[in-house]
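Residue numbers (the numbering used here): 498 to 777.
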């Protein structure tokens, strides 16, 4: 022991301050981000190069799969087209309306069913039946009822988001630790206090995670409705270019749909980080 202490004394004290630890963590996070972006860009470059190779070598017919250059050119042309932004606005507004309404009512339904289990048991067969209905089959019915405008795409998006958020909310609330429930009862907390101070903060990360999934599905629902029938929207635009065998334009519109879903996902991802920090 004396030898170890003497060696440590001769080596000199090593002081790890808070600033040193923080700087080390910052460097680690930067390295991780650089690695992630390198992998992303590498995978994208490999995909584009493979696509270019198979079309140039005639392995795949470019008239069927187009080429990366043609798709990129078509995408830029779409961005300069005013009607393209009209279609983006139509799809985005329908998806957002379905997302917001479906999220609010889905969360409320999930909370209600957890608080009143007998109500959930009674409604379960009807919920299963409605959730099992294919959304493309619902779109013509909504169009018949509400026309080719805003309503059908918002309703189809709602029909998807509602069940996603209801299921996420119920699963998060039911997963609360039994010991915590016993502790809150022993402390004499009321049901309202237990819900707002314990159950809801614990369930929020899972609920927001379900909201991220619902955001992607809301765009999918709106596009499906537009493909069945609509005046404007990316789905209707996709049907037109596909029927005209415009392959590059088709991939460009699919790229726009993917980017729209990514924007919504990133926005809710930021909300999820804030909720996670707050609950911690």
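Backbone N, C-alpha and C define an ideal beta-carbon position, used for all residues, glycine too. As the structure is a prediction and not an experimental result, all values here were calculated from the model.
Taking C-beta atoms as the reference points, residue 520 and residue 729 fail to come closer than 8 Å. Note on residue 627: under 16 other CB atoms within 10 angstroms of its CB, so exposed under the neighbour-count rule.
When C-alpha distances from residue 562 are compared across 611, 755, 749, 754, the shortest belongs to 749. Per DSSP, reduced to three states, the secondary structure at residue 604 is helical. The C-alpha of residue 547 is placed about 11 Å away from the C-alpha of residue 556. The beta-carbon distance between residue 732 and residue 655, rounded to whole angstroms, is 16 Å. This is too long to meet the 8 Å contact definition. Beta-carbon to beta-carbon, residue 637 and residue 725 are separated by about 6 Å, close enough to satisfy the 8 Å threshold. Closest by C-alpha distance to residue 581, out of 761, 762, 530, 753, is 753.
The C-beta of residue 595 has 16 or more other C-beta atoms within 10 Å across all chains shown, which makes the residue buried. With contacts defined by Cβ atoms closer than 8 Å, residue 653 and residue 758 do not form a contacting pair. Secondary structure note for residue 727: it is in no alpha helix (DSSP H), with a DSSP letter that is neither H nor E. The Cβ neighbour count for residue 539, taken over all protein chains shown within 10 Å, is under 16; the residue is labelled exposed. Distance from the Cα of residue 567 is smallest, within the candidate group 680, 554, 549, for 549. With a threshold of 16 other beta carbon atoms within 10 Å, residue 666 meets it and is buried. Excluding its 5 nearest sequence neighbours in each direction, residue 727 has C-beta neighbours in its own chain below 6 Å: 645, 733, listed in chain order. Between the region 696–705 and the region 761–769 there are three or more inter-stretch CB-CB distances shorter than 8 Å, so the stretches are counted as touching.
In this structure, DSSP gives residue 666 a helical state, which the three-state scheme calls helix.
In the structure shown, residue 749 falls within a helical segment according to DSSP collapsed to helix, strand and coil.
In the structure shown, residue 741 falls within a coil segment according to DSSP collapsed to helix, strand and coil. Close CB contacts of residue 570 within its chain, under the 8 Å cut and outside five residues either way in sequence, are with 745 (chain order). Using a Cβ distance threshold of 8 Å, residue 623 and residue 616 do not count as a contacting pair.
In this structure, the beta-carbon distance from residue 663 to residue 606 falls below 8 Å.
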